[in-house]
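*Asks:*
Chains as they are written, first to last, in the numbering used here: chain A, 62 to 347; chain B, 356 to 604; chain C, 180 to 498.
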C-alpha cells in the first residue's frame with residue numbers, strides 16, 4: 062500500500078508540476094487581459110504536437126523540447142496581433158469569445174496537420190529506466206520532469222520578481238492603465254506576456270508527451286483544469302497557481318486510488334466552493 | 356414634526372486615512388444645503404456615505420428619522436431619497452422617456468415584478484414621465500435615443516430620472532460639473548425651481564452657484580468640518596477665506 | 180393591444196417556419212427551431228441583461244437528460260416529459276443562479292463554466308442514468324407525433340409559444356429593467372431596483388427555456404448526446420446568439436439556423452467543418468459584432484426601436 066501511495070504521490074507531483082506551468086501561463090494572461098484565455102489548451106496541445114514533429118525530424122527529444130514551445134510563441138504572436146489586439150478597444154467579452162473561436166480553430170488545425178489519430182512519444186533513452194528511491198521504485202523521466210519544472214518555476218519566479226521586465230509584467234497585471242501612463246508601451250508588454258503565457262503552456266505540452274501521449278483533444282481536456290487551477294489559486298496569483306496546480310495534481314492522483322470517477326467531479330466542486338466561499342482564491346488578493 | 360436630513364458624527368476611515376472625520380450637520384425639510392471644500396476635503400466620500408455607496412466607519416445618516424446609511428443602494432428610494440451623478444449616468448440604449456420610466460415605474464409599482472403586460476401599459480406612469488420631462492424641458496425629445504441628446508441635455512435627463520419618483524430628498528453630486536456656461540445656467544434654474552419643494556443636498560465647486568442658491572453651507576477641509584453657516588457667514592469667515600476662498604474655485 | 184412582433188420579425192419567423200423543412204429534412208428543421216429557442220433564451224441573458232454565461236449547455240443538457248430519462252426509463256410521454264423537464268431546468272437555474280448572479284463578469288463566466296463542467300462529469304459518470312459517453316438512446320416520440328412532419332408541426336407550435344412568452348417577457352416592465360441593468364447597473368440600483376433579483380429572474384428564464392429546448396431536442400433524434408452538455412456547446416450557443424445578432428430578439432434564431440446548416444450539411448462534405456465554425460465565429464467577433472440582424476438593420480437603413488434598443492448594438496458593458 063505504501064508503494065502505491067508513494068508512487069501515486071509522485072505521479073501527482075509530476076502532473077501537478079505540469080499543471081503548475083499551465084496555470085502560471087494562464088494567470089499571466091488572465092492578469093493582463095482580465096479574461097480567461099480559452100485558447101490556452103490549444104497552445105498546450107500545439108506545444109506537444111510541435112515537439113512530436115521535431116522529435117521525428119531530429120531524433121532528439123531534448124532539441125524538440127527546446128524548439129517546440131518556441132514555435133508555440135509564433136502561434137501566440139499570430140493570435141495576439143491579428144485578433145486579441147484588434148479587440149482591445151471593444152468590450153473584453155469579445156476578446157474572450159475570439160479566444161474561444163481560436164480554441165476551435167487550433168484543435169481542427171491539429172487534426173488537419175497531424176491527423177485525427179493520437180500519437181505517442183518515446184521517453185528519451187537516458188531517462189527511460191526506473192530509479193530506486195528506497196521506499197519505492199519510480200520512473201526516471203517523471204523524476205527528471207519534477208526536477209526540471211521546479212527549476213523552470215524558480216527561474217520564472219526570479220524573472221518576475223528580480224528583473225525590471227518582470228516588474229513591468231507584474232505591474233501590468235495589477236494596473237495596466239497606470240503602466241501605460243508611466244510611459245511603457247503597454248501593447249508590447251501585453252504581446253510579450255501573452256507570448257510568455259503561451260510558452261509555458263507549450264512547454265508543459267512538450268514535457269507531457271512521454272507521459273500522456275498526444276491526442277487532438279488534449280487541449281480541450283486541459284483547458285477546464287487550467288481554469289480550476291487559477292480559480293482555486295486566486296485570479297492573478299502566480300505563486301497560488303503553482304501551489305494550486307500541485308494540489309490538484311496530487312488530489313487527482315490520490316482520489317484515483319479509492320474512487321476514480323470522483324476525481325474529475327471533485328475538482329469542479331472545489332472550484333465552485335472556492336468561488337462561493339472564498340472568491341479571492343486560496344492565495345489571491347483581489 | 357418632520358425632521359429632514361441628519362448627518363450625525365459621520366466618519367469614514369480607510370485604514371489610517373481619515374477621509375471623513377466626525378462630520379455633522381442638519382438640513383431641515385425644504386432647505387438646500389451645499390457641501391464645499393477643496394479637492395481631497397472628503398466631500399465625495401461624505402456624499403457616498405449619505406447615498407449608501409459607502410458604509411460609515413462610525414456615525415449615521417438619518418432622513419425623517421429613519422437611518423439611511425449602511426443600507427443597500429436600492430433601498431434608499433423607499434425612504435424618498437434620490438440622487439444624481441457627477442458624471443452623467445443614464446441608460447444609453449433606451450429612449451429619453453424609457454430612461455425616466457425606470458425610476459417612475461419603480462415609484463409606481465414598488466418592488467412588484469411584472470412580466471406579462473407591456474412596459475408602457477400604465478397610463479399613470481406615462482403621465483409622470485411626461486410631467487417630469489416637461490419640468491426639465493426635455494419633453495420634445497421623449498422618443499429620441501438618449502445618446503442623441505446634447506451633453507447638457509443628458510445631464511438634465513440624469514436629473515429627470517432622479518425627479519420622476521417625486522422624492523423628498525435630492526442628493527446632487529456636482530450637478531454642473533463639466534457643463535458649459537449656458538448649460539450651467541439651465542441646471543441652476545432647474546435646481547432653484549426645486550427649492551422649497553424638496554430637501555436638497557449639493558456638492559458643488561462653482562462658488563457663484565453655491566452662494567446664490569444655498570440656504571446653508573458646510574465647508575470641509577481635510578475630512579473635517581471647517582465651518583458651517585449661511586452664505587454670508589461663510590463668505591465672511593476668516594478661516595474659510597484662508598483655507599479655500601482665497602483661491603479661485 | 181400592441182403588436183407582439185414587428186412586421187419584419189414576423190416575416191422572418193414565417194419564412195423560417197415554412198421554408199426550413201424544404202431546405203433541410205424536417206427533422207433537421209426541427210433541430211433548428213430547437214436550437215433557436217435556446218439561442219433566443221440565452222440572449223435574454225446576453226443581449227438584454229448583458230450577462231455572458233458559459234453554462235447554457237448545462238441547462239440544455241439538464242432539460243434533454245431529464246426528458247430523455249423520463250421517456251426511456253419511466254415510459255412517460257413527451258407531452259408530459261417536456262414540461263416537467265422545463266420545470267426541472269427552472270429549479271436548477273434558480274439554485275445555481277442564487278450562487279452565480281451577483282458575481283462580476285469574470286467570476287460569473289468562471290463559475291457558470293465550473294457548474295457546466297460539474298454537470299458534464301456527472302452525466303459522463305452516471306452511466307446507468309445517462310448512458311455516459313455514449314449518450315442516452317432510445318428516446319421514443321408519442322405515436323401522435325411520431326412521423327417527421329407531425330413532429331415538425333409540434334416543434335413549430337412549441338417554438339411559436341416559447342417565442343411569444345419570451346417576447347412578452349422582454350416587452351414587460353421586467354424586460355425593460357433588465358435592459359436598464361445592462362446599460363447602467365449602478366443607476367438601476369440607485370433608482371430602487373434590486374439588481375441581483377432581476378438578474379436571477381433573467382437567469383432562470385434563460386435556463387428554463389434552454390432546458391425546454393434541450394427537452395424537445397431529446398425527441399428530435401431520439402438520443403441525448405453528451406456533447407450537448409460540453410462547455411464547447413455553451414460557447415456554440417453564445418455564438419449562435421452573436422452571429423444572428425444579440426441586439427435583436429429573433430436574430431439568434433438565424434444564428435441557430437446557420438450553425439445547424441454547417442453541422443448537418445457542410446459536415447457531409449468536410450469532416451473539419453468545426454474549423455469553418457471557428458473561423459466564422461472569429462470573423463463575427465472581429466468584424467460583425469452586431470450579427471446578421473444588425474447588418475440587416477443597417478442595410479435597410481432602419482433604426483426601429485425593438486425591445487433590444489434603439490440601434491443595432493453590440494453587447495453592452497453590463498458584466
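For each residue, glycine too, the CB sits at the ideal point set by N, CA and C.
#1: Give me the residue from A:256, A:270, A:149 and A:236 with the minimum Cα distance to residue 184 of chain A.
#2: Among residues of its own chain, excluding the 5 on either side of residue 64 of chain A, which ones have a beta-carbon nearer than 6 Å to its beta-carbon?
#3: Run through chain D and tell me which residues come within less than 7 Å of residue 486 of chain B, C-beta to C-beta.
#4: Could you give the DSSP three-state label for residue 180 of chain A: helix, strand or coil?
#5: How would you write the range of the alpha helix (DSSP H) that residue 431 of chain C sits in, first residue to last?
#6: What did DSSP end up calling residue 419 of chain B once you bin it into helix, strand or coil?
#7: In chain order, what residues of the same chain have a beta carbon less than 6 Å from the beta carbon of residue 181 of chain A, not counting five sequence neighbours either side?
#8: Residue 607 of chain B lies in the beta strand (DSSP E); which residues open and close that run?
#9: Three-state secondary structure (DSSP) at residue 402 of chain C?
#10: Counting only C-beta atoms, is residue 371 of chain C closer than 7 Å to chain B at any point?
#11: Using a Cβ-Cβ cutoff of less than 8 Å, which residues in the same chain neighbour residue 460 of chain B once the five nearest sequence positions on both sides are dropped?
#12: Return helix, strand or coil for residue 575 of chain B, following the three-state DSSP convention.
#13: Nearest to residue 238 of chain C by CA position, among C:415, C:390 and C:444, is which residue?
#14: Once you ignore the five residues that flank residue 128 of chain A on each side, which residues in its own chain have a CB closer than 6 Å to its CB?
#15: Using a Cβ-Cβ cut-off of less than 7 Å, list which residues of the segment 231-255 of chain A approach chain C; keep chain order.
#16: Could you tell me which uninterrupted beta strand (DSSP E) segments, each at least 3 residues in length, are contained entirely in the segment 281-344 of chain A, listed from first to last along the chain?
#17: Pull up the DSSP beta-bridge partners for residue 279 of chain C, would you.
#18: Looking at the structure shown, is residue 437 of chain B part of a helix, part of a strand, or coil, going by DSSP?
#19: Does the beta carbon of residue 393 of chain C come closer than 7 Å to any beta carbon on chain A?
#20: From the DSSP secondary-structure annotation, give me the bridge partner or partners of residue 361 of chain B.
#21: Give the single residue among B:527, B:398 and B:400 whose Cα lies nearest to the Cα of residue 436 of chain B.
#22: Inspect the CB distances between the segment 221-234 of chain C and the segment 414-423 of chain C and report whether three or more fall short of 8 Å.
#23: For residue 460 of chain B and chain C, any beta-carbon pair shorter than 7 Å?
#24: Go ahead and pull the three-state DSSP assignment for residue 192 of chain A.
#25: Using C-beta distances below 8 Å, list every residue in its chain close to residue 363 of chain B, excluding the 5 sequence neighbours before and after it, in chain order.
#26: For chain A, check one thing: does any of its Cβ atoms lie closer than 7 Å to the Cβ of residue 454 of chain C?
#27: Under the rule that 16 or more other beta-carbon atoms within 10 Å means buried, what is residue 328 of chain C, buried or exposed?
#28: Does DSSP classify residue 224 of chain A as helix, strand or coil?
#29: Among A:330, A:68, A:79 and A:123, which residue has its Cα nearest to the Cα of residue 261 of chain A?
#30: Run through DSSP, which three-state label would residue 197 of chain C get?
#31: Between which residues of its own chain and residue 358 of chain B is the CB-CB distance below 7 Å, once the five residues before and five after are set aside?
#32: Does residue 188 of chain C pass the burial test, meaning 16 or more other C-beta atoms within 10 Å, or should it be called exposed?
#33: So, under 8 Å CB-CB, residue 77 of chain A and residue 272 of chain A are touching, yes? Tell me the CB distance rounded to an integer number of Å.
#34: Could you tell me whether the Cβ atoms of residue 234 of chain C and residue 361 of chain C are closer together than 7 Å?
#35: Could you tell me the boundaries of the alpha helix (DSSP H) in which residue 126 of chain A lies?
#36: Do residue 408 of chain C and residue 250 of chain C have their beta-carbon atoms positioned less than 7 Å apart in this structure?
*Replies:* Checking against the coordinates, here is how it stands:
#1: If you compare the alpha carbons of A:256, A:270, A:149 and A:236 with that of residue 184 of chain A, the shortest gap goes to A:270.
#2: Excluding its 5 nearest sequence neighbours in each direction, residue 64 of chain A has C-beta neighbours in its own chain below 6 Å: 197, listed in chain order.
#3: Absent here is chain D; the protein component of the structure consists of chains A, B and C.
#4: Shown here, residue 180 of chain A sits in a strand according to DSSP, grouped into three states.
#5: Under the DSSP assignment, residue 431 of chain C falls in the alpha helix (DSSP H) whose first and last residues are 430-440.
#6: Here residue 419 of chain B sits in coil by DSSP.
#7: If you ignore the 5 residues before and after residue 181 of chain A, its C-beta comes within less than 6 Å of the C-beta of 274, all in its own chain and listed in chain order.
#8: Any property of residue 607 of chain B remains undetermined from this structure, which presents chain B solely from 356 to 604.
#9: It is coil, neither helix nor strand.
#10: By this cut-off, residue 371 of chain C is an interface position.
#11: Here the set comprises 474, 477 and 480.
#12: In the structure shown, residue 575 of chain B sits in a strand (DSSP, three-state: E or B).
#13: Nearest option by C-alpha distance: C:390.
#14: Close CB contacts of residue 128 of chain A within its chain, under the 6 Å cut and outside five residues either way in sequence, are with 115 (chain order).
#15: Correct list: empty, as no residue qualifies.
#16: Taking only runs of at least 3 residues, no beta strand (DSSP E) segment lies wholly in the segment 281-344 of chain A.
#17: None; residue 279 of chain C has no bridge partner.
#18: Note: residue 437 of chain B maps to strand in three-state DSSP.
#19: Interface residue (Cβ-Cβ distance to chain A less than 7 Å): residue 393 of chain C is not classified as such.
#20: For residue 361 of chain B, DSSP records a beta bridge to B:381 and B:417.
#21: Check the Cα spacing between residue 436 of chain B and each of B:527, B:398 and B:400: the tightest is with B:527.
#22: Taking 8 Å as the limit for Cβ pairs, the verdict is that the segment 414-423 of chain C does touch the segment 221-234 of chain C.
#23: When Cβ-Cβ separations below 7 Å define contact, residue 460 of chain B makes contact with chain C.
#24: Residue 192 of chain A falls in the strand class under three-state DSSP.
#25: Only residues of its own chain outside the window of five on either side were considered, and among them 379, 414, 415, 416 and 417 have a CB closer than 8 Å to the CB of residue 363 of chain B, listed in chain order.
#26: By this cut-off, residue 454 of chain C is an interface position.
#27: By the beta-carbon neighbour count (other beta carbons within 10 angstroms, threshold 16), residue 328 of chain C is exposed.
#28: DSSP places residue 224 of chain A in coil when its eight states are reduced to three.
#29: Each of A:330, A:68, A:79 and A:123 was checked against the Cα of residue 261 of chain A, and the nearest Cα belongs to A:79.
#30: Looking at residue 197 of chain C - three-state DSSP - the assignment turns out to be helix.
#31: Taking C-beta separations shorter than 7 Å and ignoring five residues to either side along the sequence, the partners of residue 358 of chain B in its chain run 419 and 420, following chain order.
#32: Buried is the call here.
#33: Rounded, the Cβ-Cβ distance is 12 Å, inconsistent with contact.
#34: It is not a contact, given that the beta carbons lie outside the stated cut-off.
#35: For residue 126 of chain A, the uninterrupted alpha helix (DSSP H) segment begins and ends at 122-140.
#36: No, Cβ-Cβ distance for residue 250 of chain C and residue 408 of chain C is not below 7 Å.
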